[in-house]
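Residue numbers (mature numbering (1 follows the signal peptide of the UniProt record, and there is no 0)): -21 to -1, 1 to 326.
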């Protein structure tokens, strides 16, 4: 392949590089027995304890959001004894936490008349599992009907710096004699979004490694650094939302004035007394009808018409194109209105 063709292809690949989420953790719950060995922690603090904890999804209630029908983790109202309170925790492995990271997962609440609730927490206490003190509530989802599988995303925000900790899911039922049915969680992932500048450098760096000729590497490096420099010096948007760049002048084209609608203020001038008054309904209808009927095209003087650069036609109008509405009252009291040209204009 010719170097220039190779270069063009890699430039197209670089253009498609963007800040995509990089999974830090991905779990599909194909076999929940492997979770503890992979760093997950399951804690059932329900009181009094019931006959179930977290268990493999049951396709008899509903199939998984993705993968095999039972590949999700489930909990139900039997996490606590009848009349008890469910507080069943599922903690992710320890991960590095940064502002902007997202916890993504699929959630389904069966409800069917009984309220189900799932809360989402996070902790910056490393591998700690003190759910009573170390975990902070991020958001909650509840319903007393079947929600179907829904994709959820929760963002990390408010950290003063990088931290190490866990995310936590908590299934909550206040009274199992009244509420609680069945819930499922599937496709959990934790995603870090890299800085755009880092992604751009990675894209250009990966392309540079593909070139062995010095001139290609030099050309690519120069172009990449120039692009990054331009982006780095972009100013914040102004009050109109327009981005300003060095050595680039941005002009905003003024919008064209709106055409008159004919529904504005009307005044009737008595042809005898010359007094202006508000028209009565009959006079207003007459004026409106006359204005719509008397709208001839403006005459174009040959000297005023010129061909525009891009094929259009431009016309400069002056006072000779003015029109005046004249109302006349006949002896029988009827009113007529005509559109008259300006004085001195050829008819």
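Glycine is no exception: its CB is placed at the ideal position from the N, C-alpha and C atoms. No experiment lies behind these values; they were computed from the predicted model shown.
- The straight-line gap separating the alpha-carbon atoms of residue 312 and residue 260 is approximately 16 Å.
- Rounded to the nearest whole angstrom, the C-alpha separation of residue 117 and residue 99 is 6 Å.
- In this structure, residue 93 lies near residue 159, with their beta-carbon atoms less than 9 Å apart.
- Counting C-beta pairs with one atom in each stretch, the stretch 109 to 124 and the stretch 53 to 61 have fewer than three that are closer than 8 Å, which means they do not touch.
- With 16 or more other Cβ atoms inside 10 Å of its own Cβ, residue 149 counts as buried.
- Residue 23 carries a strand assignment under DSSP once its states are collapsed to helix, strand and coil.
- Per DSSP, reduced to three states, the secondary structure at residue 56 is helical.
- Excluding sequence positions up to five before and after residue 80, its CB lies within less than 6 Å of the CB of 135, 171, all in the same chain and listed in chain order.
- Per DSSP, reduced to three states, the secondary structure at residue 265 is helical.
- Comparing alpha carbon positions, the residue from 18, 36, 258, 140 closest to residue 162 is 36.
- Around the beta carbon of residue 67, a 10 Å sphere encloses 16 or more other beta carbons of the protein chains shown; the residue is thus reported as buried.
- A direct Cα-Cα distance of roughly 30 Å separates residue 29 from residue 132.
- Within the stretch 108 to 142, the runs of beta strand (DSSP E) at least 3 residues long that lie entirely inside it are, in chain order, 115 to 122, 129 to 134.
- Under DSSP, residue 308 forms a beta bridge with 314.
- Relative to residue 264, the option among 83, 314, 251 whose CA is nearest is 314.
- The three-state reading of DSSP puts residue 160 in coil, since its state is none of H, G, I, E or B.
- Assigned with DSSP and collapsed to three states, residue 171 falls in strand.
- The Cβ atoms of residue 21 and residue 69 sit closer than 9 Å to each other.
- With 16 or more other Cβ atoms inside 10 Å of its own Cβ, residue 25 counts as buried.
- Per DSSP, residue 51 lies in no beta strand (DSSP E) and is assigned neither H nor E.
- Contact between residue 41 and residue 87 holds, with the beta-carbon distance rounding to 6 Å and staying under 8 Å.
- Sorting 50, 27, 84 by C-alpha distance to the C-alpha of residue 61 places 27 at the top.
- Restricting attention to 141, 137, 19, 128, the CA atom closest to the CA of residue 164 is found in 128.
- Within the model, the alpha-carbon separation for residue 140 versus residue 2 is close to 20 Å.
- Judged by DSSP secondary structure, residue 97 falls within the beta strand (DSSP E) whose first and last residues are 95 to 102.
- Secondary-structure assignment with DSSP links residue 87 through a beta bridge to 163.
- Taking the C-beta atoms as reference points, residue 34 is found no nearer than 9 Å to residue 168.
- Short of 7 Å from the beta carbon of residue 122, and not among the five residues preceding or following it, lie these beta carbons of its own chain, in chain order: 88, 90, 95.
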